[in-house]
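To keep things clear, I will list the structure first and then write my remarks on it.
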Amino acid sequence: MIDSHCHLNDERFDEDLDEVLVRSFQAGVRHAIVIGYDLPSSRRAVELANREVGVDQHPLSAVVGVSTHLAADWSEK
């Protein structure tokens with residue numbers, strides 16, 4: 000199973016990310032796609048996707064982007 004949209008890049012997961020990944024692996028997830036919704040969250044998604052995969056954990060991929068809810072505030076700077 001692939002989790003096609005997750006926000007493991009949220010700071011709420013900073014302290015227990017490894018445990019979350021183990022639990023999701025045990026539940027049958029074999030890959031997850033971490034969604035970036037602004038520049039900081041996109042950078043964090045890429046960092047997570049580049050992590051070494053631990054024992055009983057699944058790999059992560061990153062999507063870099065801007066949420067439609069934040070698009071009006073987007074700047075190329």
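Start counting the sequence shown at 0; every next residue gets the next number (numbering that gives the first Met the number 0). The beta carbon of each residue, even a glycine, is placed where N, CA and C say it ideally should be.
For L16, the enclosing alpha helix (DSSP H) stretches over residues L16 to Q25.
Taking the Cα of R42 as reference, the smallest distance to any Cα among G27, H68 and G64 is reached at G64. Taking C-beta atoms under 8 Å as the contact rule, D55 and F24 qualify, at a distance of about 5 Å. Between I34 and H6, the gap from beta carbon to beta carbon is short of 8 Å. Taking the C-beta atoms as reference points, A48 is found no nearer than 8 Å to S40.
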